[in-house]
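J.: Once you've had a glance at the structure underneath, I'll fire off some questions.
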Amino acid sequence: RGSGTAATNMCLVATGAVEAFFEIGIHCWDIAAGAVIIQEAGGILLDVDGGPFDLMSRRMIVANDKIIARRIIQEIEIFPSLRDDAPIQKH
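Taking my numbering, the leading residue of the sequence shown gets 1, the next gets one more, and so forth.
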């Protein structure tokens with residue numbers, strides 16, 4: 001369960017206050033700073049499919065342990081969302 005903004009939740013993982021956090025559909029500007037903090041703290045930052053984190057994909061798992069991250073990957077259902085760097089379509 002989240003407790004505010006994505007960046008706040010990512011910082012909670014970085015400090016060890018919570019074990020993990022995931023989000024799908026979040027924008028890059030909401031998680032860019034948190035991603036740096038997680039990486040500097042030695043945390044795990046992955047795409048929800050288990051691949052490398054991609055800032056523009058609008059989805060991520062943050063954890064303080066690889067085992068926890070892998071467990072989340074097994075349990076969540078992934079749904080598609082547009083990338084933040086996708087071209088804007090005019091109708």
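Where is the CB? At the ideal position from N, CA and C, for every residue including glycine.
Fair warning: this is a prediction, and the values are worked out from it, not measured in the lab.
#1: Throw me the rounded Cβ distance for the Phe21 and Val62 pair, which I believe falls under 8 Å.
#2: Considering Cα atoms alone, identify which of Ile38, Leu82 and Ile68 is closest to Ile93.
#3: Return the Cβ separation of Ile31 and Ala6 in integer angstroms, given the expectation that the two are a contact with Cβ distance under 8 Å.
#4: If we call anything under 7 Å between Cβ atoms a contact, is Gly34 one with Met60?
#5: Helix or strand or just coil, what does DSSP make of Ile24?
T.: Considering the structure as presented:
#1: The residue you call residue 21 lines up with position 21 of the sequence shown. The residue you call residue 62 lines up with position 62 of the sequence shown. With a Cβ gap of about 5 Å, Phe21 and Val62 count as contacting.
#2: In the structure displayed, the chain extends from 1 to 91; residue 93 sits before or after that span and is not available.
#3: In the sequence shown, counting from the first residue as 1, residue 31 sits at position 31. In the sequence shown, counting from the first residue as 1, residue 6 sits at position 6. Right, their Cβ atoms sit about 5 Å apart.
#4: Position 34 of the sequence shown, counted from the start, is the residue given in the question as residue 34. Position 60 of the sequence shown, counted from the start, is the residue given in the question as residue 60. Not closer than 7 Å, so no.
#5: Numbered from 1 along the sequence shown, position 24 holds the residue referred to as residue 24. In the three-state reduction of the DSSP assignment, Ile24 falls in the strand class, which pools E and B.
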